[in-house]
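Written below as structure tokens is the structure these notes are about.
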Amino acid sequence: MLAPKIFNSLPDSGPSFCFIFDMTYEAVQSGFTYQMITSAKTALDSMNQDSHICIITMGAVLTAYCFTDHTEAVICDLTDISYISGCTATLIDVIDEIKSYFNYLLTQSGAPNTTNCLFSACEAALALLSGSGGVIVANFYGMPSKGPRAITARQATESGTEVEFLRLPKGGIGDYTGKFCAALNNAGFSVHLFGTPRPNQSMELAIVGCMSGLTGGALHHYPVLDEFAFQDLHNDLFRTLTQEYYWDSSMRLRVSNGIKINSLSGNIYTNQHQTIIFPVMVGSYTVSFDLSITGDLPPGGALLQLAILFTNSVRQRVIRIFNFMLPYSTDIRAIGSTADEGAIATIILKQTSTNLMRIGPAETSNEIKKMITVMKQPRTQIPVNSDHGSFTFEFRCTENSKSIWS
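In case it helps, the UniProt record's numbering puts the sequence shown at residues 1 to 406.
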């Protein structure tokens, strides 16, 4: 059903895309940016024609294409770019102009002796598309080491551990990245990155990838640029630009008495009210809810209610409510006969990914071994006096939900 206006946090939300192209010399000469622009040009006719479009380039300077003046505007000061206007337009109105501009970019040789400024470009996108949000699609060659938000590769030390390199660094760029990703999320932006490394150099994906991980986006990494990588890039980008999205989305789960929500797993961000925020959601996203049984459950099954709020492709604000009743049992054999092995493996993988960053590879390996040992123990009954048991509920945004007891 259509949602009341009170639930419309971004009045201009709907199909919006911001292209960010790395026009540095190495990115262009490697063919990486050429393939990115060519594939984007190919996808234009298959995209939602009502989409708002913005185009930013990173080279010797940071620019945004101005559709009203039909030229590039140089972004000099990220703290105030109000002097730049006309940098967004509806795709169907300017599709020929965009193709012409893409053809122009394909003739450029790239800016020498410079590296990309990915964080600055995303800041510019945040300002230019404020009020609507959207999907940021950016390619970058090597670590973003230019501009006020430049990244410096971290060096391994004898006292350092592997897990430290899987986390954001403390202070400096680490603090900025966390706050900036929250700002992107709150403004309705989802970041999809396409990156390749310089030979024998770190990309610091643990830092850069946060822009994707905390906004429901994706990070596509191409370690070696060859014909297979270019084909993968084309397919990944085409899918990103043409799939169906649900804009400015949020989700909240309500449970019946006797159930407690312990944790959530997924490419998600939550606010202080435990509402799950998807700036831009696709149907393949999944969220796993780890729930505990803390008391008596209603007869017949555990009651769950899931509400999803989003803006559709025709810019209507919609709310959908799903009501579930999940059966419960203390009989191990009954539980095992209905368990979905694929879902169990997915849940374990999500927990493992989180543990790798939280406690490191060695401790994670020990946790997996303990879990397997417990699962292999012969049991016929869950002790009713031991914490009442627990289960994980996994929801796929456009498919049937699944539940696993453990």
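Here a beta-carbon is modelled for each residue, glycine too, at the ideal position from N, C-alpha and C.
Bear in mind the structure is a predicted one, so any value in this text is a computation, not a measurement.
The beta-carbon distance between TYR25 and PRO112, rounded to whole angstroms, is 4 Å. This is short enough to meet the 8 Å contact definition.
A distance below 8 Å between beta-carbons, with the five flanking residues on each side excluded, links ALA73 to the following residues of its chain, in chain order: THR63, ALA64, TYR65, CYS66, ILE84, CYS87. If one requires a minimum length of 4 residues, the alpha helix (DSSP H) runs lying completely within the segment 223–309 are 227–242, in chain order. Note on the segment 81–121: there is no whole beta strand (DSSP E) run with a minimum of 3 residues. Burial of ARG149 is indicated by the presence of at least 16 other C-beta atoms within 10 angstroms of its C-beta.
Inclusion of ARG315 and GLY59 in the CB contact set at 8 Å is not warranted, their separation being larger than that value. The beta carbon of PHE102 is closer than 6 Å to those of ILE37, LYS41 in its chain, skipping five residues each way along the sequence. The alpha-carbon separation between VAL282 and ILE308 amounts to approximately 12 Å. Your pair ILE55 and PHE19 checks out as a contact, with CB atoms roughly 5 Å apart and the cut at 8 Å. In the displayed model, THR71 falls within a strand according to three-state DSSP.
LEU349 counts as exposed, since fewer than 16 other C-beta atoms from the protein chains shown sit within 10 angstroms of its C-beta.
Distances from the CA of GLN305 to each of GLY295, ILE319, TYR285, SER313 were compared; the closest alpha carbon is that of ILE319. By the CB criterion at 8 Å, GLY147 and PHE119 fall inside the cutoff.
Residue pairing by DSSP puts ASN323 in a beta bridge opposite GLN305. Boundaries of the beta strand (DSSP E) around VAL191: 189–196. In the DSSP annotation of this structure, the continuous segment of the beta strand (DSSP E) that includes VAL137 starts and ends at 134–141.
Of the residues THR114, GLY209, ALA206, SER16, the one whose Cα lies closest to the Cα of GLY134 is SER16.
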